[in-house]
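Take the numbering used here: the final residue in the sequence shown is number 1725, and no numbers are missing along the way.
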Amino acid sequence: MNKKEVAEIKKNFTDSSGFFTLNRIVSAYVDPQKNLRCKDNKLYALIPEDEGAVMMESLKKVLGGSVGKNLTEYEFPREAYQENGAQIDLYSAMKNKLEDEVSNDRLLTRIINNMEYEMAYTIIIGSCSYSIMTRDKNDEALDNAPEEYNFIVTAICPVCTGDDGLMFDSEKNVIVKKANTDLIVSRAPTDGFLYPIFSDRSPDVNSVMYYTKTPKKPNISVVEDVLGCGFTMSCQGEREHFHQILTDVVADELSYTVITQVNDALREIVDSSRNETELPIIDDNKLHIILSDAGVSSEKLEALPAVFKEKVGDAEGLTAENLIDRKTVLATPEITINISRDATDKVRTSVIGGRRCLVIDLDDPSISINGLTTILT
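In structure tokens:
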């Protein structure tokens, strides 16, 4: 699913949409010892309005965040289609629209037995239908019978006791710590998935979309053990591998100028593709051009293909947006300087009087030091 397809489903994921229906919801509470303590299966229309609104909100959050960061698409491997495979369990639950308890229990068991989770949690699964209106080349809806996109969304929501701090006891006229033993289900899921994906405005039962609230620390057990897919790098992993590639290839030519020019080139690629549906990918050929333009020697670049292959493996490349630094940070053990994206050209390195120096060009001699304004003379 690309950015446009995710946005279309998320936009219509509401009771007020004339094209979307949340049909049925299965919910279950699992304690920290992996015991299924309760399970419920209801038609969404019969759930009290306030309760249903919270469940709808949690399910919709599974479509939140950015593609390539919070949302990652995975294609099922061959073994997922075998008996008791992940694709089989997901397809059965989706096809039966959560009406078959055997299929539901199989999916719940898959999640509970295979997912690593440090606390109690609630599983919320929604069976949804979306009427796909056929569109012309101008993206205008055509007047014909829409195709039905049936899918399930699963949200994993942590459960914990709240901490309301101190309270005033009016009977004893004292301030005491409030004892809160209520188990509260968070509205914000930490993990989730959508199946099947919505690709080329049609369902694709061979792939699943995984959601994580924290892109830097995804729950790999959901991807590998619950969904049965091979985990790819997180956005943080892509960034770390990119830094390793630069370090190994550019080596002693890795200067302030090279680093900032590479970052500027990546930002230009991302900015120029804002209106594109697919995320720009940096492969070794594109990186070769970027590094060459930044002044890296051809001798250094000879090692790029092999190093890139070693770090990235069989992946198509690295997601450009995950490689960008929003600001430049210069740091030594004693000094740290934060430089905004528009001021990197005002900083340079130089040798003055035989000493290596960092030089900052100031358009305005007025600067702030610890919140106090002064003039450099």
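Glycine residues also receive a C-beta, built at the ideal position from the N, C-alpha and C atoms.
Exercise. For residue 1441, count neighbouring C-beta atoms within 10 Å of its own C-beta (all shown protein chains included) and say buried if the count is 16 or more, exposed if not.
Key: Within the sequence shown, numbered from 1, the residue matching residue 1441 stands at position 93. It is buried - the Cβ of residue 1441 has at least 16 other Cβ atoms within 10 Å.
Quiz item: Using the beta-carbon count (16 or more within 10 Å), is residue 1814 buried or exposed?
Solution: Look at the range of the chain in this structure, 1349 to 1725, and you will see that residue 1814 is not part of it.
Exercise. Can you have a look at residue 1622 and say buried or exposed, based on whether 16 or more other CB atoms are within 10 angstroms of its CB?
Key: As a first step, residue 1622 must be located in the sequence shown, where it is residue number 274. Flag for residue 1622 reads exposed.
Quiz item: Would you report the Cα separation of residue 1464 and residue 1570, rounded to the nearest angstrom?
Solution: Within the sequence shown, numbered from 1, the residue matching residue 1464 stands at position 116. Within the sequence shown, numbered from 1, the residue matching residue 1570 stands at position 222. Taking the straight line joining both Cα atoms gives about 8 angstroms.
Exercise. Measure the alpha-carbon distance for residue 1539 versus residue 1560 and round it to whole angstroms.
Key: Indexing the sequence shown from 1 puts residue 1539 at position 191. Indexing the sequence shown from 1 puts residue 1560 at position 212. Their Cα atoms are separated by approximately 5 angstroms.
Quiz item: Considering only residues of the same chain and omitting the five flanking positions on each side of residue 1423, which have a CB-CB separation below 8 angstroms?
Solution: Walking along the sequence shown from the start, residue 1423 turns up at place 75. Cβ within range, chain order: 1554, 1555, 1577.
Exercise. Flag this pair as touching only if the segment 1579-1595 and the segment 1653-1666 have three or more C-beta atom pairs under 8 angstroms; answer yes or no.
Key: yes
Self-check item: residue 1689 to residue 1520 span [Cα, whole Å]
Solution: Position 341 of the sequence shown, counted from the first residue, corresponds to residue 1689. Position 172 of the sequence shown, counted from the first residue, corresponds to residue 1520. Distance between the alpha carbons of residue 1689 and residue 1520 is about 58 angstroms.
Exercise. Just the C-alpha distance for residue 1641 and residue 1630, rounded to the nearest angstrom, thanks.
Key: In the sequence shown, the residue the question calls residue 1641 occupies position 293. In the sequence shown, the residue the question calls residue 1630 occupies position 282. So the two alpha carbons sit approximately 15 angstroms from each other.
Quiz prompt | Range covered by the alpha helix (DSSP H) that runs through residue 1632 | solution = Looking up residue 1632 in the sequence shown gives position 284. Unbroken alpha helix (DSSP H) run through residue 1632: 1632-1641.
Quiz item: Are the CB atoms of residue 1668 and residue 1597 nearer to each other than 8 angstroms?
Solution: Reading the sequence shown from its first residue, position 320 is the one you call residue 1668. Reading the sequence shown from its first residue, position 249 is the one you call residue 1597. No, the Cβ-Cβ distance between residue 1668 and residue 1597 is not below 8 angstroms.
Quiz item: When you compare only the Cα positions, how much space is there between residue 1602 and residue 1679?
Solution: Your numbering for residue 1602 matches position 254 in the sequence shown. Your numbering for residue 1679 matches position 331 in the sequence shown. Taking the straight line from one Cα to the other gives about 15 angstroms.
Practice problem: Go through its chain and collect everything with a Cβ distance to residue 1420's Cβ below 6 angstroms, but skip five positions before and after it. | Solution: Locating residue 1420 in the sequence shown gives position 72, where the first residue counts as 1. Once the five neighbours on either side are set aside, the close Cβ partners of residue 1420 are 1558.
Quiz prompt | Of the residues 1567, 1365, 1498, 1426, the one placed nearest residue 1551, counting alpha carbons only | solution = Looking up residue 1551 in the sequence shown gives position 203. With distances taken between Cα atoms, residue 1551 lies closest to 1498.
Quiz item: Who are the Cβ neighbours of residue 1406 in its own chain at under 7 angstroms, not counting the five residues just before and after it?
Solution: The sequence position of residue 1406 within the sequence shown is 58, counting from 1. Only 1472, 1503, 1505, 1535, 1537 meet the Cβ criterion.
Practice problem: For the beta strand (DSSP E) containing residue 1676, list its first residue and its last residue. | Solution: Counted from its first residue, the sequence shown places residue 1676 at position 328. It spans 1676-1679 - the beta strand (DSSP E) in which residue 1676 sits, taken as one unbroken run.
Practice problem: Could you name the residues of the same chain whose beta carbon sits closer than 8 angstroms to that of residue 1627, not counting the 5 residues immediately before and after it, in chain order? | Solution: Within the sequence shown, residue 1627 is the residue found at index 279, counting from 1. Correct list, in chain order: 1350, 1351, 1415, 1416, 1621, 1667, 1668, 1669.
Quiz item: How many Å lie between residue 1584 and residue 1563 at the Cα?
Solution: Within the sequence shown, residue 1584 is the residue found at index 236, counting from 1. Within the sequence shown, residue 1563 is the residue found at index 215, counting from 1. Approximately 7 angstroms, taken between the alpha carbons.
Practice problem: Assuming residue 1372 and residue 1378 form a contact by the criterion Cβ under 8 angstroms, report the distance between their Cβ atoms to the nearest whole angstrom. | Solution: In the sequence shown, the residue the question calls residue 1372 occupies position 24. In the sequence shown, the residue the question calls residue 1378 occupies position 30. At roughly 20 angstroms, the Cβ-Cβ gap does not stay under 8 angstroms, so residue 1372 and residue 1378 are not in contact.
Exercise. Starting from the N-terminal side, write out each stretch of the beta strand (DSSP E) that is 3 residues or longer and does not extend beyond the segment 1510-1583.
Key: 1514-1517, 1522-1525, 1531-1533, 1539-1543, 1545-1547, 1550-1552, 1555-1560
Practice problem: Reducing DSSP to helix, strand and coil, say where residue 1406 ends up. | Solution: If you number the sequence shown from 1, residue 1406 lands on position 58. Here residue 1406 sits in helix by DSSP.
Quiz item: So the beta strand (DSSP E) residue 1389 belongs to, where does it begin and stop?
Solution: Your numbering for residue 1389 matches position 41 in the sequence shown. Counting along the chain, the beta strand (DSSP E) containing residue 1389 begins and ends at 1384-1391.
Quiz item: If you pair each beta-carbon of the segment 1351-1371 with each one of the segment 1454-1463, do three or more pairs fall below 8 angstroms?
Solution: no
Quiz prompt | Supposed contact pair residue 1468 and residue 1411 - C-beta distance, whole angstroms, cut 8 angstroms | solution = Counting from 1 along the sequence shown, the entry for residue 1411 is found at position 63. Counting from 1 along the sequence shown, the entry for residue 1468 is found at position 120. 24 angstroms between Cβ atoms; not a contact.
Practice problem: Quick one: measure Cβ to Cβ for residue 1604 and residue 1438, integer angstroms, because I've assumed they're closer than 8 angstroms. | Solution: Here residue 1604 is taken as the residue at index 256 of the sequence shown, counted from 1. Here residue 1438 is taken as the residue at index 90 of the sequence shown, counted from 1. About 49 angstroms; that fails the 8 angstroms criterion.
Quiz item: In angstroms, rounded to a whole number, what distance separates the CA positions of residue 1360 and residue 1368?
Solution: Mapped onto the sequence shown, residue 1360 falls at position 12. Mapped onto the sequence shown, residue 1368 falls at position 20. Approximately 6 angstroms between the Cα atoms of the pair.
Quiz item: Is residue 1699 helix, strand or coil when you go by DSSP?
Solution: Walking along the sequence shown from the start, residue 1699 turns up at place 351. Reduced to three states, the DSSP call for residue 1699 is strand.
Quiz item: Short check: CB of residue 1698 to CB of residue 1707, under 8 angstroms?
Solution: Translated into positions along the sequence shown, residue 1698 becomes position 350. Translated into positions along the sequence shown, residue 1707 becomes position 359. Their beta carbons are under 8 angstroms apart, which means residue 1698 touches residue 1707 by this criterion.
Quiz item: Which one of 1444, 1606, 1671, 1616 has the shortest CA to CA distance from residue 1696?
Solution: Working through the sequence shown from its first residue, we reach residue 1696 at position 348. Answer by Cα proximity: 1606.
Quiz item: Based on the DSSP secondary-structure assignment, which residues constitute the bridge partners of residue 1627?
Solution: As a first step, residue 1627 must be located in the sequence shown, where it is residue number 279. Answer is none; residue 1627 lacks a bridge partner.
Practice problem: Reducing DSSP to helix, strand and coil, say where residue 1506 ends up. | Solution: For the purposes of this step, residue 1506 is taken as the residue at position 158 of the sequence shown. DSSP places residue 1506 in strand when its eight states are reduced to three.
Quiz prompt | Backbone CA spacing between residue 1624 and residue 1638 [nearest angstrom] | solution = The residue labelled residue 1624 in the question sits at position 276 within the sequence shown. The residue labelled residue 1638 in the question sits at position 290 within the sequence shown. Residue 1624 and residue 1638: Cα-Cα distance of roughly 21 angstroms.
Practice problem: Tell me, please, whether the CB atom of residue 1610 is closer than 8 angstroms to any CB atom in chain C? | Solution: In the structure shown, chain C cannot be found, because there is only a single protein chain.
Quiz item: Whole beta strand (DSSP E) runs in the segment 1444-1480 with 3 or more residues, listed along the chain?
Solution: 1469-1480
Practice problem: Use the C-beta contact count for residue 1566: other C-beta atoms within 10 angstroms, 16 or more gives buried, fewer gives exposed. | Solution: Position 218 of the sequence shown holds residue 1566. The residue is buried, with at least 16 neighbouring Cβ atoms inside 10 Å.
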